[in-house]
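Chains as they are written, first to last, in the working numbering: chain B, 85 to 557; chain P, 562 to 769.
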């Protein structure tokens, strides 16, 4: 009888990956992992633990590593040069190379034409496919859920578990459907939708849940927009975010380097079409959102839930559900409640990251900057998410638009999103960033971050202050 | 992993909701390949001024809290990044228990793997503990994992929640990776029934 019950996308993935079901007595289940992605920051201690226990890597062919967090974004900086500029970063990169070499794990190292931010690189190569379980020692692994995969971030101990057992001990999470309907207005993007979702449900609104995003607004988004939405699921505290695969997903994957071919492709597509949630499937919680009135969103505080429409005013802390946190946030940001957000001066504009560092994001920013100039005294960094994004952007001449506008065109990496390399916002300075976190000090000690879409960030670059992209388009 | 059954200690209060892992340990401390010295980075942006000198008013710099091994933290502690360095830093500093009303999922999972107990209490009990920690730094409480109770002087006991498997592992010093590897036969059987669809080597060998 159980098989006749309608299932959600999550239920189907969970059930089909259980090596062992959770026990009645609170014993966790064992979940099999199809694809394990590695980067240099969260993996070294996991490899050390394996070495300490004398354990091999169980499935090198289900594992892939890239270098992204500690990598330089200035052109031509090789590992040898990095050693002089940033020896700790170079140590991490070299450690990853040694670990991958010792265990036979493919690595897209600095200088490889497939290197990039792990959550940009893997989808664009077709590694992430519907119906898979994907993990990485990185909270933004939720990005891969855009393909109808169950994808989530893990800590370093669990990186070790997956290296050794290709599996994880897991409790079954709850399910949350977030349904978004309505047509998006001009200049309103996936980033604005997800900022509104987080504002609505809160930065812990998704804790313990896997979100499935449904509704016509989501269905109409391209894969890059869907990745932006799923990417920020973790900013609502969710374990993962997913979107059911459809023709847009299938078209995206066709002919990608790791996508199946020939009869295997046909068989895979047939299977993918069975994955969407069945009509009447049960979710533990449901939230509905009308996106037709949505405006471009900008954050004003120090977590991604503190966002307002770009034309709005900075809210009174007393109106926030956590007044003390909101008050502290405004003190850190040195902003006044009741003031308009538009016109707030900025020092830095950052276009990039696993949230908004893909080709469509760069095209949008370039569209705004075409024939315009970045305001004097504003530094603008454009960091493509991967080598492939960089190559395609250069083929399209986007880099020339950025350079002509006075922006810097860099090489791929996480860069200023978390300031782990040398790209940093100075203490006290304001940055508008297309990234995912506006936490205190996230972009460098003392840095102040406004999160926004590539359109809003680029419009603000021209104005030298927070600006509404609708006034410039 | 060593076993944990109960702990009596002072508390360090860390109010404020949604303290994220970037605050617990800033990214600049993540450029390491081992776990040594991470305690130095604990709450670094709040703990030190721009010259690197300790800020005397920050809670962990106050001598009356220097011996606290229990952190009473605001709602939704540990949100954001998956960095396990947050749990490692808390432990190296000397914390064995964190008490809050809610924890972020990944932080909680990371803590469990390292034997750092995350105890979830009701909002009203949380408020009383936070107040006590702030008003009476010398107050000691006892966290009893066997009973799932916190004994508080002059307030009696309050219950706390902890995942039953995590509790079992902590009480018995069970290493979770060792536990998982006991199921290797089942993992192998699963692999036998589910052919691998994507191999990360394929595009490499295609070029050769």
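Positions of the beta carbon are idealized from the N, C-alpha and C atoms, including for glycine.
Could you give the DSSP three-state label for residue i: helix, strand or coil?
| i | result |
| --- | --- |
| residue 279 of chain B | helix |
| residue 479 of chain B | helix |
| residue 227 of chain B | helix |
| residue 494 of chain B | coil |
| residue 762 of chain P | coil |
| residue 220 of chain B | strand |
| residue 422 of chain B | coil |
| residue 215 of chain B | coil |
| residue 610 of chain P | coil |
| residue 703 of chain P | strand |
| residue 566 of chain P | coil |
| residue 486 of chain B | helix |
| residue 251 of chain B | strand |
| residue 572 of chain P | strand |
| residue 615 of chain P | strand |
| residue 310 of chain B | helix |
| residue 753 of chain P | helix |
| residue 102 of chain B | strand |
| residue 688 of chain P | helix |
| residue 200 of chain B | strand |
| residue 114 of chain B | strand |
| residue 722 of chain P | strand |
| residue 769 of chain P | In this prediction, residue 769 of chain P scores a pLDDT of 35, lower than 50, which makes its location untrustworthy; no coordinate-derived value is stated. |
| residue 601 of chain P | helix |
| residue 471 of chain B | helix |
| residue 451 of chain B | helix |
| residue 544 of chain B | helix |
| residue 85 of chain B | Because the pLDDT at residue 85 of chain B is just 46, under 50, the model does not fix this residue reliably, and the point stays unresolved. |
Pull the bridge partners of residue i from the DSSP assignment, please.
| i | result |
| --- | --- |
| residue 532 of chain B | B/514 |
| residue 149 of chain B | B/122 and B/191 |
| residue 293 of chain B | B/258 |
| residue 393 of chain B | B/381 |
| residue 549 of chain B | B/429 |
| residue 237 of chain B | B/220 |
| residue 325 of chain B | B/295 |
| residue 466 of chain B | B/435 and B/493 |
| residue 263 of chain B | B/298 and B/372 |
| residue 713 of chain P | P/717 |
| residue 581 of chain P | P/640 |
Taking residue i as the query, report the chain B residues whose CB atoms sit under 7 angstroms from its CB, ordered along the chain.
| i | result |
| --- | --- |
| residue 604 of chain P | None at all; the shortest Cβ gap to chain B is about 11 angstroms. |
| residue 733 of chain P | Under the 7 angstroms cutoff, chain B gives no residues; its nearest Cβ is about 13 angstroms from residue 733 of chain P. |
Going along chain P, which residues have a C-beta under 9 angstroms from residue i?
| i | result |
| --- | --- |
| residue 323 of chain B | 666 and 667 |
| residue 116 of chain B | 748, 751, 752 and 755 |
| residue 292 of chain B | 666 |
| residue 214 of chain B | By Cβ distance, chain P contributes nothing, its closest Cβ being about 10 angstroms from residue 214 of chain B, past 9 angstroms. |
| residue 179 of chain B | 594 |
What does residue i reach in chain B if we use C-beta pairs closer than 9 angstroms?
| i | result |
| --- | --- |
| residue 569 of chain P | Within 9 angstroms Cβ-Cβ: nothing; residue 569 of chain P doesn't reach chain B, min ~27 angstroms. |
| residue 816 of chain P | There is simply no residue 816 of chain P to check, as chain P begins at 562 and stops at 769 in what is shown. |
| residue 685 of chain P | Within 9 angstroms Cβ-Cβ: nothing; residue 685 of chain P doesn't reach chain B, min ~17 angstroms. |
Under 8 angstroms Cβ-Cβ, which residues of chain P neighbour residue i?
| i | result |
| --- | --- |
| residue 109 of chain B | 725 |
| residue 172 of chain B | 592 and 593 |
| residue 148 of chain B | 761 |
| residue 112 of chain B | 726 |
| residue 104 of chain B | 744 and 747 |
| residue 211 of chain B | 759 and 761 |
Kindly list, in the order they appear in chain P, the residues whose Cβ is closer than 7 angstroms to that of residue i.
| i | result |
| --- | --- |
| residue 161 of chain B | Those within 7 angstroms of residue 161 of chain B in chain P number zero; the least Cβ separation is about 16 angstroms. |
| residue 221 of chain B | 643 |
| residue 551 of chain B | None at all; the shortest Cβ gap to chain P is about 27 angstroms. |
| residue 175 of chain B | 594 |
Applying a beta-carbon distance threshold of less than 8 angstroms, which residues of chain B neighbour residue i?
| i | result |
| --- | --- |
| residue 637 of chain P | 287, 288, 291 and 321 |
Less than 7 angstroms between the CB of residue i and some heavy atom of the ligand GDP, yes or no?
| i | result |
| --- | --- |
| residue 260 of chain B | Summarising the ligand content, the structure contains no ligands, and the ligand GDP is consequently not present. |
- Closer than 7 angstroms, Cβ to Cβ, to anything on chain C: give me those residues from the stretch 573–589 of chain P, in chain order. Given the protein chain composition of this structure (B and P), no chain C is represented.
- In the stretch 269–280 of chain B, which residues sit with their C-beta less than 8 angstroms from some C-beta in chain P, listed in chain order? none
- Members of the stretch 495–525 of chain B near chain P, C-beta cut-off 8 angstroms: 502, 503, 504, 511, 521, 523, 524 and 525
- Can you list, in chain order, the residues of the stretch 373–387 of chain B whose Cβ is nearer than 7 angstroms to any Cβ on chain P? 387
- Enumerated in chain order, which unbroken segments of the alpha helix (DSSP H) with a length of 4 residues or greater are wholly contained in the stretch 628–683 of chain P? 646–654 and 666–675
- For the stretch 238–249 of chain B, enumerate the residues whose C-beta is nearer than 9 angstroms to any C-beta of chain P, in chain order. 238, 239, 240, 241, 242, 243, 244, 245, 248 and 249
- Query: Mind listing which residues of the stretch 701–724 of chain P have their C-beta closer than 8 angstroms to chain B's C-betas, in chain order?
  - Reply: 724
- Selection of the stretch 398–420 of chain B by Cβ proximity to chain P, strictly under 8 angstroms: 406, 408, 409 and 412
- For the stretch 340–351 of chain B, which residues have a beta carbon sitting closer than 8 angstroms to at least one beta carbon of chain P? 341, 342 and 344
- Message: At a CB distance below 9 angstroms, what residues from the stretch 193–204 of chain B approach chain P? Give them in sequence order.
- Response: 198
- Where the stretch 470–484 of chain B meets chain P: residues whose CB sits under 9 angstroms from a CB there: none
- Closer than 8 angstroms, Cβ to Cβ, to anything on chain P: give me those residues from the stretch 119–137 of chain B, in chain order. 119, 125, 126, 128, 129, 132, 133 and 137
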